[in-house]
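Below is one structure, written out as structure tokens; comments come after it.
Number of protein chains: 2
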Amino acid sequence: MSDSGPSRALRSIYDHPLFTQEQLDKIFAAHTNFELKKNGYLLEQGQTANSYYIIAHGLVRFYVHDYNGNEITTQFICENEIVNEVSSLFQRIPSVQNIQAVTDAKLWKIDFNDFQHLYHTMESVREWGREWMSAQLFQSQQRSIEMITQSASSRYLHLIEHRPQIVQQAPLKQIASYLGIADTSLSRIRKEMFHG
Amino acid sequence: MSDSGPSRALRSIYDHPLFTQEQLDKIFAAHTNFELKKNGYLLEQGQTANSYYIIAHGLVRFYVHDYNGNEITTQFICENEIVNEVSSLFQRIPSVQNIQAVTDAKLWKIDFNDFQHLYHTMESVREWGREWMSAQLFQSQQRSIEMITQSASSRYLHLIEHRPQIVQQAPLKQIASYLGIADTSLSRIRKEMFHG
DNA sequence: AGTATTTCTTGACCTATGTAAAGTGTCTTT
DNA sequence: AAAGACACTTTACATAGGTCAAGAAATACT
């Protein structure tokens, strides 16, 4: 890593016009960094989230179990993105989602209480937070629309183009459940896309 | 209507443990009410939202156009719920969604600037707002999971059980696009569900 | 009231994706 | 190096849901 000072990940996450340098210093100081092994958990279903995370390196996924006990991957979080089970963290209720490292990962962490303090004392943090949540909601809605209007192979192509880290690092089964198809179907789609 | 004072809708929307009566009075006072005819618009794509709404009576939908120009209904908003195109209102960017009355409707309205004032001056409003956004995000994610794990007829049954107002008041074509299926398929599902 | 327009249903046929089961390849553990 | 355990592919067959076209029923328009 040729990067010094607060990581590239922190700087890119908190890149917002309302922040002054002084505010950024306070925000960065509230984060600590740590490592997580492949398959390790940041949150398990039934637990209530007490922090959110920022990925400096690696890949993380959210998953739930369907009625047959199959794992459904509901989100992938890539480098320089926030890992936050919002409804558990902000409504203070147990999570239905599991959050697991797909690869070895380096992460930043900020605790709920520290964030609460920043949020209620700095208008800029509130605006930043609300905009982030809006963007999350938008993405989630776009995902539903994509599930309705696009074929499985279009959705896979979209992933290849826009989130290549996922296609490179996550196992086929996780990608398939994220796309809403059987793993055999994704295997078939791959075949038809590359030789056929 | 046997209801007096601030409507049942306002009281149920702003039902949160942190609010004092004094605060509620200020919040209610920031709302005005008005009526909207069937098929009328609260927001059209390309416009930037300047308020959000609360439905006292009637049904409202969000829709987008897919690449073929077909309308895809992405959300239905029922009585005593909030109508808010969050990413347009809070990121101050043009909406990709249209917001249209499915039936004649009675609504409450609050402007962005008035809400901003309440939001930045009252910690309780911030907590309320963040919890509402969290709940929206949760619902949106649940919807994606439902699209992946449930058949079209299960999704329709779910709608009948949990949001009967939609099934009663929205035309079949809108419900079908919301469920992610062709209108002919929904018609067939109805037939199989009721006779045979 | 009568016509036009939209809404809903139905049938015939088609296709994308699911399910199940077997086979190959790759990594882990000992 | 052998034995398991995973990860991925492939084939055969099943099915939910799509498309298109024709009618019937309901609504809206003049």
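Respectively, the protein sequence lines represent chains A and C.
Reminder that position 78 of the first sequence reads as 796 in our numbering, one-by-one numbering, no gaps.
Reminder that position 166 of the second sequence reads as 884 in our numbering, one-by-one numbering, no gaps.
Even glycine gets a Cβ: it sits at the ideal position worked out from N, Cα and C.
- Query: How many whole angstroms separate the CB atoms of residue 745 (chain C) and residue 800 (chain C), which I take to be in contact at a CB cut-off of 8 angstroms?
  - Reply: Taking the second sequence and counting its residues from 1, the one referred to as residue 745 (chain C) is at position 27. Taking the second sequence and counting its residues from 1, the one referred to as residue 800 (chain C) is at position 82. Contact annotation, residue 745 (chain C) with residue 800 (chain C): C-beta distance approximately 13 angstroms; criterion of less than 8 angstroms not satisfied.
- Message: Does chain C have any CB closer than 7 angstroms to the CB of residue 856 (chain A)?
- Response: Walking along the first sequence from the start, residue 856 (chain A) turns up at place 138. Judged by the 7 angstroms Cβ criterion, residue 856 (chain A) is in contact with chain C.
- Item | Separation of residue 775 (chain A) from residue 720 (chain A), as counted between CA atoms | As a working note, residue 720 (chain A) is residue 2 in the first sequence. As a working note, residue 775 (chain A) is residue 57 in the first sequence. Because the pLDDT of residue 720 (chain A) is 44, which lies under 50, any placement of that residue in the model is unreliable, and the number read from its coordinates should be weighed accordingly. The alpha-carbon atoms of residue 720 (chain A) and residue 775 (chain A) are separated by roughly 14 angstroms.
- Message: Relative to the C-alpha of residue 779 (chain A), which candidate in A:898, A:888, A:900, A:901 has its C-alpha closest?
- Response: The sequence position of residue 779 (chain A) within the first sequence is 61, counting from 1. Put simply, of A:898, A:888, A:900, A:901 the residue whose alpha carbon is nearest the alpha carbon of residue 779 (chain A) is A:888.
- Query: How far does the beta strand (DSSP E) with residue 829 (chain A) in it reach, from first residue to last?
  - Reply: Numbered from 1 along the first sequence, position 111 holds the residue referred to as residue 829 (chain A). Per DSSP, residue 829 (chain A) belongs to the beta strand (DSSP E) from 823–829.
- Can you grab the Cα-Cα spacing for the pair residue 873 (chain C) / residue 878 (chain A), in whole Å? On the second sequence, residue 873 (chain C) is found 155 positions in, with the first residue counted as 1. On the first sequence, residue 878 (chain A) is found 160 positions in, with the first residue counted as 1. Pairing residue 873 (chain C) with residue 878 (chain A), the inter-Cα distance amounts to about 29 angstroms.
- Message: Is there a C-beta anywhere in chain A that falls below 7 angstroms from the one on residue 765 (chain C)?
- Response: Here residue 765 (chain C) refers to the residue found at position 47 of the second sequence. Not closer than 7 angstroms to any Cβ of chain A, the Cβ of residue 765 (chain C) fails to qualify, so no.
- Message: residue 813 (chain C) and residue 857 (chain C) - do their beta-carbons sit closer together than 7 angstroms?
- Response: Sequence index remark: in the second sequence, residue 857 (chain C) carries index 139 (1-based). Sequence index remark: in the second sequence, residue 813 (chain C) carries index 95 (1-based). No. Outside cutoff.
- Message: Which same chain residues end up closer than 6 angstroms to residue 727 (chain C) when comparing Cβ atoms and leaving out the 5 residues on each side of it in sequence?
- Response: Counting from one through the second sequence, the residue named residue 727 (chain C) turns up at place 9. Cβ within range, chain order: 772, 774, 798.
- Item | Exposure label - residue 760 (chain C); buried when at least 16 CB within 10 Å | As a working note, residue 760 (chain C) is residue 42 in the second sequence. Classification for residue 760 (chain C): buried.
- Message: What I want to know is whether the C-beta of residue 830 (chain C) ends up closer than 6 angstroms to one or more non-hydrogen atoms of the ligand NAD.
- Response: This structure does not include the ligand NAD; it has no bound ligands of any sort.
- Query: So, is residue 811 (chain A) buried or exposed, given that buried needs 16 or more other C-beta atoms within 10 angstroms?
  - Reply: Counting from one through the first sequence, the residue named residue 811 (chain A) turns up at place 93. Classification for residue 811 (chain A): exposed.
- Message: Measuring straight from C-alpha to C-alpha, what distance separates residue 903 (chain A) and residue 854 (chain A)?
- Response: Counted from its first residue, the first sequence places residue 903 (chain A) at position 185. Counted from its first residue, the first sequence places residue 854 (chain A) at position 136. Pairing residue 903 (chain A) with residue 854 (chain A), the inter-Cα distance amounts to about 28 angstroms.
- Item | Under 8 angstroms by beta carbon: chain C residues contacting residue 805 (chain A) | Taking the first residue of the first sequence as position 1, residue 805 (chain A) is located at position 87. Taking a Cβ-Cβ cut-off of 8 angstroms, the neighbours of residue 805 (chain A) in chain C comprise 852, 853, 855, 856, given in sequence order.
- On a CA-only basis, which of C:805, C:815, C:821 is nearest residue 830 (chain C)? Give me that one, please. Start at 1 with the first residue of the second sequence, and residue 830 (chain C) comes out as number 112. If we check each option's Cα against that of residue 830 (chain C), C:805 comes out closest.
- Of all the options C:911, C:867, C:913, C:881, which has the alpha carbon lying nearest to the alpha carbon of residue 777 (chain C)? In the second sequence, counting from the first residue as 1, residue 777 (chain C) sits at position 59. By alpha-carbon distance to residue 777 (chain C), the top candidate from C:911, C:867, C:913, C:881 is C:881.
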